[in-house]
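So the protein lines, in turn, are chains A and B.
Here the first sequence is numbered in the working numbering, starting from 4 and rising by one per residue.
Here the second sequence is numbered in the working numbering, starting from 1253 and rising by one per residue.
Input: a single structure, listed below in structure tokens.
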Amino acid sequence: MTDPQNGGPEVAAEGGLVAELQHMTAEERAEHAAEVADVVAPDRDIDVEVGQTLLEVDDVTMRFGGLVALDQISFGIRRGEILGLIGPNGAGKTTCFNAMTGVYRPTSGEVRLEGKALGKTSRHGITQLGIARTFQNIRLFGEMTALENVVVGTDARHKTSLLGALVRSPRHHREEKAAVEKAMALLEFVGIADRAADRAKNLPYGYQRRLEIARALATEPKLLCLDEPAAGFNPAEKEDLMGLIRTIRDDGYTVLLIEHDMKLVMGVTDRIVVLEFGKKIAEGLPADIRENPAVIAAYLGVPDDDVA
Amino acid sequence: MTTTTTPATKAPGKRRVISEWWNNLSRVQQWGVLVPLVVLIYFLPVLNPPIITTQPGYDFPIAMFEVARYALVAIGLNVVVGQAGLLDLGYVGFFAIGAYVMALFTSPDSSLSHLPFLVVLPMAMVVTMIFGVILGTPTLRLRGDYLAIVTLGFGEIVRLLADNVDPLRGNSGFKEVGHPPGANADGSPLFNNSNGIPWYWLCVTLIIAILFLVGNLERSRVGRAWVAIRDDEDAAEIMGVPTFKFKIWAFISGAAIGGLSGALYAGQLGFVNNQKFDVVTSMLFLAAVILGGSGNKVGVILGACVVAYIPLRFQAIAEYKYLIFGVALIVLMIFRPQGLLGARQRLLAYGRQAYQRLLGRGEQISSDGALQTEPTPGSKL
């Protein structure tokens, strides 16, 4: 089934890179992983120093008719950290996410990326500015292969126009080559390169979750927002995912993580913001959040006689 | 790519084998198959093969031109419906505009200045593209059924304008519409309306050129954006695809091909009036796309061949063609909703090399949609 390609000398032997990896020594594999991480690492200029506030949610209120889904929420995400956004069901986590990524426009207050208000920026504009997200219920492009899905992500940074694509301009070739390189590295980075050629809808659930992360990373985000990436995972898979999220952070990305699973959140985040009924009830280091009485009350409830 | 159509319609298993075989051929080998096939297609009207021929009922070369014209329309409509997933029920409107532009600028019945056919042909495309923008800008904010209804209205508006606007001459129409240059040995024009062969060759040549261009679009940022919009428009938008812009581009591309086809039609027939641009024709175009497999270039050509050829070949049943196609579509929707050939497109200019390098094999081809018989493993959603 493998016929010689006229595609250049770097074409790998039978079985391709994925099969080759299995025959590598641990050392070679680590070296390869480092190369991959290098390709994946963000190479955009960010106006904010590491540790400074990258994205600021400032006094955001989100009202749907009479329902106040978010009530004057303010917090900041610092460049280079993993910030956890937690809260019981219906606390407004996803609404907050949507307000940040332009799906909703805040009723009042504003969201600032690198000090610039997002205001009326369109949804695709916000992605191009540098906020990428995954979805709580997976939303991949089912008819595309895994690789194609990731390349759609890279397209967010591309400029080829209809005319350029029609005549296959030099820019088109350059972008296509770079996109495929990057996408392949991303698939390896999240650990699903062995299914690169499969249609997204035919991938196993865990692969689909990881593919969403790869696709979001492909847009070269300054801030990566993960909406319950571990939903439906068993403990071992969650453990793997925590590792991946840490690797993403160590590679130079800033991550906002919505998660239900307290163990995962405590284990992976640098700081945590807690929402309940649309209000921020706590913010701080995981260890402090664990001890915070308001958070404990929100999650476990309060005995009746303590109320009032 | 016009291969794998003829043998590929048999059993699903067989089709998969064929497409897999095709996919694993190298570029050179693929050309080795394609070139003879294209040559054969070119010479079909000259050969006039016994069983396939439509004679004595209908002139075979002209029938072949009809088929090719339908194929061109189907390729254009496939960009809009198949690739970008925008249901367009008024595609005949673009076709009509192309035909009328050709008539207005070449027919002696028109008061406008007369231009050569080959100048008007690209002009027809440009004018339909402008109409694509005019239709698309307000309507492409709509989705699904709503868009379908508005486009249906657009098709009707174009037809009614042709009926009622005096300079468009309603039913009396335009005679002696222009044709490309060239003459036979005896001095009669090469492109006349009784000899279909030159027209067929022109049309097939244009189809091949358009297939290349559409293929270029498909394997680019543009094609990927279209498929992303088709699969999940909101997710596409959030992944940084400016969906509105790309939908307009899809409309423009589709409109240009529709206009080209309409202009060719006008030239070959030599006569344009307000007939033949009704909703039913639009439906027939759409039927070709759906029947063949929307989102599959080879499929829609196949669909167009079926829709255009059958009524010409079997004149006895031509009267019942809408009935037959209607029943065929219903049956198809029950047993094979993805059409004869399911949607499949390659979306990466360097995909072959990439898959080969990563996995040592080609991509997953079996495209037979969500409703295929074998269960799709793992997808819990």
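Every residue, glycine too, gets a C-beta built ideally from N, C-alpha and C.
Which residues DSSP lists as bridging residue i, in chain order
i               : result
P1441 (chain B) : B:A1435
A285 (chain A)  : A:V277
L230 (chain A)  : In the sequence on display, residue 230 (chain A) carries Asp and not Leu. According to DSSP, D230 (chain A) bridges with A:I261.
K119 (chain A)  : A:L116
S111 (chain A)  : A:T64
T148 (chain A)  : A:R202
V1524 (chain B) : B:F1426
I134 (chain A)  : A:L226
Residue i, buried or exposed, once every other Cβ within 10 Å from all chains shown has been counted against 16
i               : result
E1626 (chain B) : With a pLDDT of only 37 at E1626 (chain B), under 50, the local geometry of the prediction cannot be trusted, and the value read off the model is given with reservation. Flag for E1626 (chain B) reads exposed.
G93 (chain A)   : exposed
I1481 (chain B) : buried
N101 (chain A)  : buried
V268 (chain A)  : buried
H175 (chain A)  : buried
M187 (chain A)  : buried
V1287 (chain B) : exposed
A239 (chain A)  : exposed
H161 (chain A)  : buried
V53 (chain A)   : exposed
W1283 (chain B) : exposed
S1534 (chain B) : buried
D6 (chain A)    : In this predicted model, D6 (chain A) has a pLDDT of only 40, less than 50, meaning its place in the structure is not dependable; the value taken from the coordinates is given anyway. So D6 (chain A) counts as exposed.
G1594 (chain B) : buried
I80 (chain A)   : buried
F1312 (chain B) : buried
Backbone CA spacing between residue i and residue j [nearest angstrom]
i               : j               : result
R293 (chain A)  : E231 (chain A)  : 20 angstroms
A196 (chain A)  : F1587 (chain B) : 34 angstroms
E223 (chain A)  : V51 (chain A)   : 16 angstroms
F1346 (chain B) : A1326 (chain B) : 13 angstroms
R1604 (chain B) : W1274 (chain B) : 13 angstroms
V1378 (chain B) : G1506 (chain B) : 12 angstroms
T1257 (chain B) : T56 (chain A)   : Residue placement at T1257 (chain B) is poorly supported in this model, since its pLDDT is 39, which falls under 50; the coordinates still yield a value, given next. In a straight line, the C-alpha of T1257 (chain B) is about 58 angstroms away from that of T56 (chain A).
L1404 (chain B) : D1484 (chain B) : 24 angstroms
M1316 (chain B) : P1297 (chain B) : 7 angstroms
M1381 (chain B) : W1501 (chain B) : 9 angstroms
K1499 (chain B) : Q1307 (chain B) : 43 angstroms
I1582 (chain B) : K1573 (chain B) : 14 angstroms
R136 (chain A)  : I85 (chain A)   : 14 angstroms
H1431 (chain B) : I1349 (chain B) : 17 angstroms
N1300 (chain B) : V1456 (chain B) : 16 angstroms
L1367 (chain B) : Q211 (chain A)  : 57 angstroms
S1363 (chain B) : V1429 (chain B) : 13 angstroms
G246 (chain A)  : F78 (chain A)   : 26 angstroms
T1389 (chain B) : G1342 (chain B) : 15 angstroms
G194 (chain A)  : R249 (chain A)  : 14 angstroms
Q1329 (chain B) : I76 (chain A)   : Note that residue 1329 (chain B) is Leu in the sequence shown, not Gln. Using only the alpha carbons, I get a separation of about 48 angstroms.
V1285 (chain B) : Y1607 (chain B) : 23 angstroms
F1295 (chain B) : P1450 (chain B) : 11 angstroms
I1698 (chain B) : L206 (chain A)  : Residue 1698 (chain B) cannot be examined here, being either before or after the span of chain B that is shown, 1253 to 1633.
P1441 (chain B) : P1360 (chain B) : 17 angstroms
R198 (chain A)  : A1539 (chain B) : 35 angstroms
A1601 (chain B) : F1443 (chain B) : 38 angstroms
A1515 (chain B) : V1550 (chain B) : 23 angstroms
P306 (chain A)  : V298 (chain A)  : 14 angstroms
A72 (chain A)   : K283 (chain A)  : 12 angstroms
I1509 (chain B) : V1331 (chain B) : 9 angstroms
Selected residue, minimal CA-CA separation from residue i, among the options
i               : options                            : result
G1309 (chain B) : B:T1495, B:N1330, B:R1565, B:G1594 : B:R1565
L1547 (chain B) : B:L1575, B:K1497, B:E1489, B:E1470 : In the sequence on display, residue 1547 (chain B) carries Gly and not Leu. Looking at the Cα atoms, B:E1470 is the closest of the given residues.
V106 (chain A)  : A:H127, A:A120, A:G118             : A:H127
I1409 (chain B) : B:I1500, B:I1293, B:V1531, B:G1522 : B:V1531
A120 (chain A)  : A:G87, A:Q75, A:A149, A:L58        : A:L58
M1354 (chain B) : B:L1373, B:L1412, B:S1365, B:I1509 : B:L1373
M1491 (chain B) : A:L189, A:F236, A:L166, A:N152     : A:N152
D201 (chain A)  : A:F144, A:G246, A:I248             : A:F144
F1503 (chain B) : B:F1357, B:F1383, B:V1371          : B:F1383
G83 (chain A)   : A:A300, A:A33, A:L70, A:D254       : A:D254
S164 (chain A)  : B:R1473, B:Q1567, B:L1399          : B:R1473
I261 (chain A)  : A:K185, A:E191, A:K204, A:I89      : A:I89
R1598 (chain B) : B:V1269, B:A1477, B:Y1517          : B:A1477
Point to revise | chain E contacts from the region 1472–1498 of chain B (Cβ-Cβ distance under 8 angstroms) | key: Absent here is chain E; the protein component of the structure consists of chains A and B.
Practice item. Kindly provide the ranges of any beta strand (DSSP E) runs that are 3 or more residues long and lie completely inside the region 44–107 of chain A, ordered along the chain. Key: 56–67, 70–81, 85–89
Practice item. Go through the region 1263–1315 of chain B residue by residue and report every complete run of the alpha helix (DSSP H) that reaches 4 residues or more, in order. Key: 1264–1275, 1279–1299
Point to revise | 4 or more residues per run - each alpha helix (DSSP H) lying fully within the region 1544–1584 of chain B | key: 1549–1565, 1567–1570
Practice item. Mind listing, in chain order, the continuous alpha helix (DSSP H) runs of no fewer than 4 residues lying wholly within the region 1347–1429 of chain B? Key: 1369–1391, 1396–1416
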